[in-house]
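Read through the structure below, which is laid out as structure tokens, and then see the notes.
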Amino acid sequence: SIDIDQAHGTDYHKRFRTFLSKMQENNFVIGGAMTDGKGDRSLSPSQQADPDLFLRIVERRDDGIVIRGCKTHQTGCINSHWLIIMPGGRMGPEEKQYSVICALPVDAPGITYIYGRQSCDTRSMEQGGSDIDQGNAKFGGQEAVVIFDDVFVPTSLVFMNGEHEYCQELVERFTAYHRRSYICKAGLGDVVIGASAVVSEYNGVSKASHIKDKLIEMAYLNENIAGTALSASYQSTKTNAGNFQPDVLMANVCKHNVTRFPYEIARLAQDLAGGMVGTLPADADFAHKVAGPLLYKFLATGKKVTVDNRRRILRLIENMTLGRNAVGYLTES
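With the working numbering as the guide, the letters of the sequence shown map in order to residues 1335 to 1667.
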């Protein structure tokens, strides 16, 4: 915003600082809405058959603007207080109406949220009061498609209004922050690696050299994600506005690692867990008066390992590599 102000004599940066202060004072959660529907990706926004496939300004008023379109893959938007809408890519001179940054409360008139489904998201409903799964067992991440149907935005909440030449730099800066933040994947990886070590112990093979090699490889891959994220932060530089911009190259290396390494960590976790991670009977079967005793008998391992604890660790690995949490750990990158 400060770069646009210096070039165009606007007051976007002052508006944004006022907005940011309000967010900080009230401890509000903000969702960053950048990804459009995109349509035919070989065409620019202004060339699409439907002009609404990229969010755009449809009316400019003295007191603000009116926007129309949608944003997809909006993680956490349902439980946010505000949204910041941004363009998702480079814009040309013919796409000034698509070059918009603004803020809106999540309940602004004209906004519709269509909640997305996730793999295995009904799993948490099958427990019937059982405590077999621990931790955050009944809830998961969520995304939504957000529809903007001629939503009015007051001037005070508009931070870009047609300055198309700044869109590419905006996306580059935003993605550096976002991709550096994928250090969170290393935290999820720690959970997967820990569960893999436990299931190896439960199966009685933790001392085998090839098991240790796989766990070491998982840790190596995981720390590569964490290391590149930390490096991007450590090598950040101060901008004209006073904030620090993460190193773009290292942030993108982190992104590259995140699109590959968690899948290999998950593959190794499933390998260490064994076939039961994909074929374990339902919790209700273990409570069945006939099937239950048979399952407890034939799924036993070592003397110090309860079948329920074995089930818990298998269900955790399933959740992280196949189920609800796999959306956030693997696909969402």
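We put the beta carbon where it would ideally sit given N, CA and C, even for glycine.
Candidates the options: closest to residue i by CA position
i     : options                    : result
D1396 : N1413, F1473, G1450, V1492 : V1492
L1614 : E1598, T1635, L1549, R1644 : R1644
I1517 : H1544, I1559, L1555, V1440 : I1559
G1657 : T1573, T1456, K1541        : T1456
T1509 : G1528, D1581, D1619, V1487 : D1581
L1650 : V1505, H1498, G1528        : G1528
T1573 : D1524, L1504, T1640        : L1504
A1437 : Y1597, G1365, L1377        : G1365
Y1554 : F1620, P1596, G1576, H1590 : P1596
Pairwise C-alpha distance: residue j and residue i
i     : j     : result
M1420 : D1370 : 9 Å
G1398 : R1451 : 35 Å
I1391 : M1368 : 15 Å
G1626 : G1410 : 39 Å
G1423 : S1567 : 23 Å
M1612 : D1605 : Looking at the sequence shown, residue 1612 is not Met but Gly. Spanning the two alpha carbons is a distance of roughly 11 Å.
G1561 : G1521 : 12 Å
K1623 : A1616 : 14 Å
C1454 : A1442 : 32 Å
M1654 : L1629 : 24 Å
N1537 : D1465 : 23 Å
S1458 : A1471 : 7 Å
G1474 : E1359 : 28 Å
V1479 : L1354 : 25 Å
I1336 : A1383 : 35 Å
Which residues DSSP lists as bridging residue i, in chain order
i     : result
I1445 : F1482
G1365 : L1417
Neighbourhood of residue i by C-beta distance below 6 Å, restricted to the same chain and skipping five residues each side
i     : result
S1667 : V1592, T1593
Same chain, Cβ closer than 7 Å to residue i, five either side skipped, listed in chain order
i     : result
Q1468 : R1646
Q) Taking only runs of the alpha helix (DSSP H) that begin and end inside the region 1380 to 1441, which ones reach a length of at least 4 residues, in chain order? A) none
Start-end ranges of the alpha helix (DSSP H) lying completely within the region 1540 to 1569, minimum 4 residues
1543 to 1568
inquiry  = Just to confirm the assignment: which complete alpha helix (DSSP H) runs, minimum length 4, are found wholly within the region 1556 to 1643?
reply    = 1582 to 1592, 1595 to 1607, 1610 to 1613, 1617 to 1621, 1625 to 1632
### Task
Let me know the beta strand (DSSP E) ranges lying completely inside the region 1452 to 1522, each 3 residues or longer, listed in chain order.
1478 to 1488, 1492 to 1495
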